[in-house]
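Those protein sequences? They're chains R and B, same order as listed.
Numbered according to this note's numbering, the first sequence spans residues 1 to 280.
Numbered according to this note's numbering, the second sequence spans residues 281 to 567.
No residue lacks a Cβ here, since even glycine has one placed at the ideal position from N, Cα and C.
Structure first, commentary second.
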Amino acid sequence: MIWLIFAFGVWGLGWWVNTRLAAAPRTRVTGLVVPLIFGITLIAIWEGVVRGLEISPVLLPAPSMIAARFVASTDILWEDFVQTVIKGALSGYVLGCGSAFLVAILVDRYDFLRQGLLPVGNFVAALPVIGMAPILVMWFGFDWQSKAAVVVVMVFFPMLVNTVQGLADSSAMQRDLMRTYAAGYWATLLKLRLPAAMPFIFNGLKIASTLALIGAIVAEFFGSPIRGMGFRISTSVGQLALDLVWAEIVVAAVVGSAFYGIVALVERAVTFWHPSQRHS
Amino acid sequence: MRQSVLPVLTVVAGIFVIWYLASIWLNAAWAYDKATRSGEELGVVALVADTWSQEKPKLPAPHQVGVEIWDTTIEKKITSKRSLIYHSWITLSATLLGFALGTGLGIALAVGIVYNRTMDMSVMPWVIASQTIPILAIAPMIIVVLNAVGISGLLPKAMISMYLSFFPVVVGMVKGLRSPDAMQLDQMRTWNASPSQTFWRLRLPSSMPYLFTSLKIGMAASLVGAIVGELPTGAVAGLGARLLAGSYYGQTIQIWSALIMAAALAAALVAIIGLLQRVTLRRMGMA
């Protein structure tokens, strides 16, 4: 009962503080603190409700339990992280995005190809590509190569479509200007069209960053060696060791956010000239 | 639109050609293996014929998948457990339920975010952060836990679909509800419009183009959610279960037919929303 009151108390307090802060003029500090308080409040309510209602840890472990388990099994988590993220997701991400980028430049040279490939690519990007996972696991075996292949297939089309669209983004006037400078195809590509395409390319890279992690983890449900995040999640669910599952989820969430954040930071550095990046 | 028909057809034809060639290449090993065991010499024609008609090929040829789809949709009774239509319906119902829940939640959150500063500042960053979590990875746990609580069947799968589809709706609707510019909002004020009138007459109508774009993304995402949600239920029913069962027993043709069916379903659902979008926007005089 005390824990329930605690949960409600924290809720009220967090809400009150946030309302006060939100009413104040917006600064960089409040922009960071307000969501932080919201998140801490959520975790505190979770802890309070789980303890207050005595929910079985088989259903929903308390955050403190998850944290304890996380600290206790860092070696397992690290092994899974290397297997899934470094070997599976990252290699697939680099391969998939790189090849999509090259294909996009190739496609862009031929108008006919572009007109044909863009609708098809858009169509494929909307399909449940993740369903290819069992087939690719069958082709490339259980180890990380098949996970990388799934990631390649998943990120290829979103990246392709975005890059092709980006390369078409420079206006006719700008291209005419390059022609008056007597710039050839490559000079125009490097000096004008690629820089102009950067916002689109980074949009594709961002979408691909979340897809890569999902692809690598889900592909492990269809068969994997005895390590990896997807493997650990599916077996630990079977053993009702939900605290370990949640620890893996924490890792996945942190990795996913960090991955996205890094891409966003690089974007800010590269496309500093774009209106969406200008902050007053 | 019309001038892109020929290029699209060319690309699609190219994909089919590559598919057929790849199935020769990938299945050749097995065909040679079989031939040496029975002591036969394989000619080019015999090789091609064999690679396109194996029972469990590494990559089935398109016509094999086509025959399998025909067999399991038209030839079978809909109620039969081997009918692909039956499995598609299971997946579709979870998708639609999750999509409806996700759209509702997304619009409600977006209205809250636009009208409440506290919500804007505290919820919006978490909405974005929530999508960097690979939710599909924890789908099995959600299903198992909800099963343990006594919720089973359609709802757990729909929850996953909901989680995946609410995000594009929130982002699109927030953008859409904020799209009227200061001039239009001032105009409403000169007419002495109440906040609810501003919402119904100005903000909601001007958010429609954004809404439909997000609905398309959300629909595709919720189908993926429903399919992945079916994996851990032990391959009972649904397109995801067909995929899993196919991968257990090496039935590649079954996997491919489920995959093509899922693709067709996604395309049909997105096309329906596209149609609704065109009709709605035309009646509103926006397209």
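Residue j beta carbon less than 7 Å from that of residue i
i                : j                : result
Ala546 (chain B) : Leu127 (chain R) : yes
Leu21 (chain R)  : Thr27 (chain R)  : no
Phe446 (chain B) : Gly518 (chain B) : no
Val291 (chain B) : Val103 (chain R) : no
Ser368 (chain B) : Met541 (chain B) : yes
Val151 (chain R) : Ser402 (chain B) : no
Gly520 (chain B) : Leu511 (chain B) : yes
Pro436 (chain B) : Val237 (chain R) : no
Ile624 (chain B) : Thr353 (chain B) : With chain B covering only 281 through 567, there is no way to say anything about residue 624 (chain B).
Gly12 (chain R)  : Ile37 (chain R)  : no
Leu194 (chain R) : Met178 (chain R) : no
Val10 (chain R)  : Ala44 (chain R)  : yes
Ile66 (chain R)  : Asp176 (chain R) : no
Ala538 (chain B) : Arg522 (chain B) : yes
Asn307 (chain B) : Gln344 (chain B) : no
Met468 (chain B) : Leu482 (chain B) : yes
Ser318 (chain B) : Gln115 (chain R) : no
Leu444 (chain B) : Ala501 (chain B) : yes
Gly256 (chain R) : Leu213 (chain R) : yes
Thr41 (chain R)  : Thr398 (chain B) : no
Leu59 (chain R)  : Ala462 (chain B) : no
Met198 (chain R) : Val270 (chain R) : yes
Span of the alpha helix (DSSP H), counted from its first residue to its last, around residue i
i                : result
Trp273 (chain R) : Looking at the DSSP string, Trp273 (chain R) is not in any alpha helix (DSSP H), and its letter there is neither H nor E.
Tyr93 (chain R)  : Ser91 to Arg109
Phe231 (chain R) : Met229 to Gly238
Gln210 (chain R) : Just to set this straight, residue 210 (chain R) is Thr in the shown sequence, not Gln. Taken as a continuous stretch (DSSP letters only), the alpha helix (DSSP H) holding Thr210 (chain R) covers Leu194 to Ala219.
Asn162 (chain R) : Trp144 to Leu167
Pro287 (chain B) : Val285 to Arg317
Tyr528 (chain B) : Leu519 to Tyr529
Asp330 (chain B) : Val324 to Thr331
Ile37 (chain R)  : Arg28 to Gly52
Trp186 (chain R) : Tyr185 to Thr188
Tyr443 (chain B) : Leu434 to Leu457
Phe8 (chain R)   : Ile2 to Ala23
Gln83 (chain R)  : Per DSSP, Gln83 (chain R) belongs to no alpha helix (DSSP H) and is neither H nor E.
Ile55 (chain R)  : Element bounds for Ile55 (chain R): n/a, residue is neither H nor E.
Tyr490 (chain B) : Met488 to Gly509
Pro342 (chain B) : Pro342 to Trp350
Candidates the options: closest to residue i by CA position
i                : options                                   : result
Leu189 (chain R) : R:Arg109, R:Phe140, R:Thr84 and R:Gln83   : R:Arg109
Val124 (chain R) : R:Phe140, R:Phe157 and R:Val151           : R:Phe157
Phe81 (chain R)  : R:Ala258, R:Val237 and R:Gly228           : R:Gly228
Phe202 (chain R) : R:Pro119, R:Trp15 and R:Arg268            : R:Arg268
Lys147 (chain R) : R:Ala183, R:Trp273 and R:Tyr93            : R:Tyr93
Pro63 (chain R)  : R:Val50, R:Asp111 and R:Thr74             : R:Val50
Ala258 (chain R) : R:Ile233, R:Arg232, R:Ser209 and R:Val245 : R:Ser209
Gly452 (chain B) : B:Leu376, B:Val425, B:Tyr490 and B:Met463 : B:Tyr490
Ser494 (chain B) : B:Ile553, B:Gln467 and B:Arg362           : B:Ile553
Arg69 (chain R)  : R:Ala252, R:Thr271, R:Val245 and R:His274 : R:Val245
Leu289 (chain B) : R:Leu113, R:Phe6, R:Thr84 and R:Leu77     : R:Leu113
Leu503 (chain B) : B:Thr316, B:Asp400 and B:Ser373           : B:Ser373
Ala253 (chain R) : B:Val285, B:Arg458 and B:Ile418           : B:Ile418
Ala380 (chain B) : B:Ser441, B:Asp351 and B:Ile354           : B:Ser441
Ala196 (chain R) : R:Ser170, R:Tyr185 and R:Val218           : R:Ser170
Phe282 (chain R) : R:Ile2, R:Ile40, R:Asn18 and R:Ser224     : The requested residue 282 (chain R) is not part of the displayed model; chain R covers only 1 to 280.
Gly549 (chain B) : B:Arg562, B:Leu376 and B:His343           : One detail in the question is off: residue 549 (chain B) reads as Leu in this sequence, not Gly. Here the closest residue by C-alpha is B:Leu376.
Ile295 (chain B) : B:Leu389, B:Ala341 and B:Ala538           : B:Ala341
Met138 (chain R) : R:Met178, R:Glu220, R:Trp186 and R:Phe101 : R:Glu220
Trp305 (chain B) : B:Val328, B:Arg483, B:Glu321 and B:Leu556 : B:Val328
Lys455 (chain B) : B:Ser360, B:Val324, B:Trp350 and B:Ile387 : B:Ile387
Pro134 (chain R) : R:Val218, R:Lys206 and R:Leu205           : R:Val218
Asp75 (chain R)  : R:Pro57, R:Val263 and R:Arg232            : R:Arg232
Ile349 (chain B) : B:Trp310, B:Met404 and B:Ser363           : B:Ser363
Val516 (chain B) : B:Gly384, B:Asn427, B:Lys361 and B:Asn396 : B:Lys361
Gly392 (chain B) : B:Arg458, B:Glu355, B:Asp351 and B:Ala428 : B:Arg458
Val250 (chain R) : R:Ala7, R:Ala23 and R:Leu77               : R:Leu77
Ala409 (chain B) : R:Glu248, R:Val17, R:Thr235 and R:Gly39   : R:Gly39
Ala544 (chain B) : R:Leu265, R:Leu53, R:Pro25 and R:Val129   : R:Val129
Ala100 (chain R) : R:Ser234, R:Thr235 and R:Gln165           : R:Gln165
Anticipated Cβ contact below 8 Å, residue i with residue j, distance rounded
i                : j                : result
Gly378 (chain B) : Val449 (chain B) : Contact doesn't hold; Cβ gap of about 12 Å is too wide.
Gly131 (chain R) : Ala216 (chain R) : About 15 Å; that fails the 8 Å criterion.
Gly526 (chain B) : Lys336 (chain B) : That belief does not hold up - the Cβ atoms of Gly526 (chain B) and Lys336 (chain B) are roughly 10 Å apart, past 8 Å.
Asn122 (chain R) : Val161 (chain R) : 6 Å
Val155 (chain R) : Leu211 (chain R) : 5 Å
Trp509 (chain B) : Ile423 (chain B) : One point to set straight first is that residue 509 (chain B) is Gly, not Trp, in the sequence displayed. With 8 Å as the limit, Gly509 (chain B) and Ile423 (chain B) qualify as a contact, their Cβ atoms being about 6 Å apart.
Gly261 (chain R) : Met159 (chain R) : That belief does not hold up - the Cβ atoms of Gly261 (chain R) and Met159 (chain R) are roughly 19 Å apart, past 8 Å.
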